[in-house]
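One structure is given here, and the rest of the page talks about it.
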Amino acid sequence: MIKISLTQFLDYSAKVSTSAKINKVKEIKRSPGYHPAFDYWKPLRDAIKKIHEQGQPIEKLRDVLINLDEKKIKNYTRAINTYISFVKKNNVEYFSVGKASWNMNDELFVSSSPELGLIINGKKYYVKNYYKKHDDKTKVVLKNINSTLTLMSLSEPNFDIEPDAKFAVINFQNGKLIEAKTPASDNVMELEIEAENFVNIWNKF
């Protein structure tokens with residue numbers, strides 16, 4: 007069974023062309039297994055969660071830059087400023103979440119745990135952050151990542167899902183919150199086709 011992360015599926019689904027999707031699957035298949043040392047965004051991801059858990063001012067996020075590899079400073083500064091702006095523009099509260107996963111016929115397994123639980127302007131969200139900078143082959147908009155949002159909505163959690171809560175992605179390229187719709191049959195079909203295409207591409211390499 008193919009095992010990938012939610013970030014990898016999101017990267018794949020956000021690609022704007024078939025060739026870009028093929029190249030992304032090829033890249034994922036050839037990449038080494040996960041190791042924290044090679045997780046580019048781990049320091050920021052951990053810092054965001056810690057700051058929310060401890061109720062610290064969101065501006066403390068800039069402390070991440072102090073001991074950061076100089077090569078990461080530009081991308082991290084952009085992402086940090088985007089998230090600080092997002093939090094300051096909205097009324098944001100944190101709540102803890104557990105683990106979740108999605109499995110397609112024992113062919114594709116996606117570890118799809120929400121990154122954060124956030125109450126944004128009174129509405130509860132299970133959130134995945136998209137940190138990467140803009141590139142011409144990727145477009146993080148609802149049309150492109152709807153299959154990822156549907157996957158998040160249909161995942162099997164080890165925690166209770168609030169009935170009025172929504173799943174969402176925060177796009178750090180523009181600070182926008184992209185909400186999942188309640189999955190309809192067309193959304194489920196779109197996800198299944200997207201996942202089947204992923205498996206088919208994977209098996210060709």
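Going by my numbering, the sequence shown opens with residue 7, and the numbers climb by one from there. Glycine included, every Cβ here is placed at the ideal spot set by N, Cα and C. Nothing here was measured: the structure is a model prediction, and the numbers come from that model.
As assigned by DSSP and simplified to three states, the class of residue i
{"i": "I184", "result": "strand"}
{"i": "L114", "result": "strand"}
{"i": "Y46", "result": "coil"}
{"i": "A53", "result": "helix"}
{"i": "Y137", "result": "coil"}
{"i": "Y18", "result": "helix"}
{"i": "N193", "result": "helix"}
{"i": "N73", "result": "coil"}
{"i": "Y40", "result": "coil"}
{"i": "E200", "result": "helix"}
Contact belief for residue i with residue j at Cβ below 8 Å, rounded distance in angstroms
{"i": "R51", "j": "E99", "result": "Between E99 and R51 the Cβ distance is about 19 Å, and since that is not below 8 Å, they are no contact."}
{"i": "A186", "j": "T156", "result": "7 Å"}
{"i": "D64", "j": "W208", "result": "Strictly speaking, residue 64 in this sequence is Ile, with Asp absent from that position. The Cβ separation is near 39 Å, so there is no contact."}
Chain C contact for residue i (CB, 8 Å cutoff)
{"i": "D112", "result": "Checking the listed chains, one finds no chain C in this structure; it contains a single protein chain."}
Residues near residue i by beta carbon distance below 6 Å, same chain, minus five either side
{"i": "I126", "result": "N96, V98"}
{"i": "V205", "result": "E113, L114"}
{"i": "L148", "result": "I184"}
Inter-residue Cα distance where the pair is residue i and residue j
{"i": "I72", "j": "L160", "result": "39 Å"}
{"i": "L67", "j": "I86", "result": "7 Å"}
{"i": "T154", "j": "Q62", "result": "31 Å"}
{"i": "S220", "j": "V175", "result": "One cannot answer for residue 220 here, as it falls past the ends of the chain, which runs 7 to 211."}
{"i": "V133", "j": "K210", "result": "33 Å"}
Neighbourhood of residue i by C-beta distance below 7 Å, restricted to the same chain and skipping five residues each side
{"i": "S118", "result": "L12, A106, S107, W108, L157, M158, S161"}
{"i": "Q40", "result": "Checking the sequence shown, residue 40 turns out to be Tyr, not Gln. So no residue of the chain qualifies."}
Problem - the segment 136-149 in contact with the segment 99-114 per 3-pair CB rule at 8 Å - result: no
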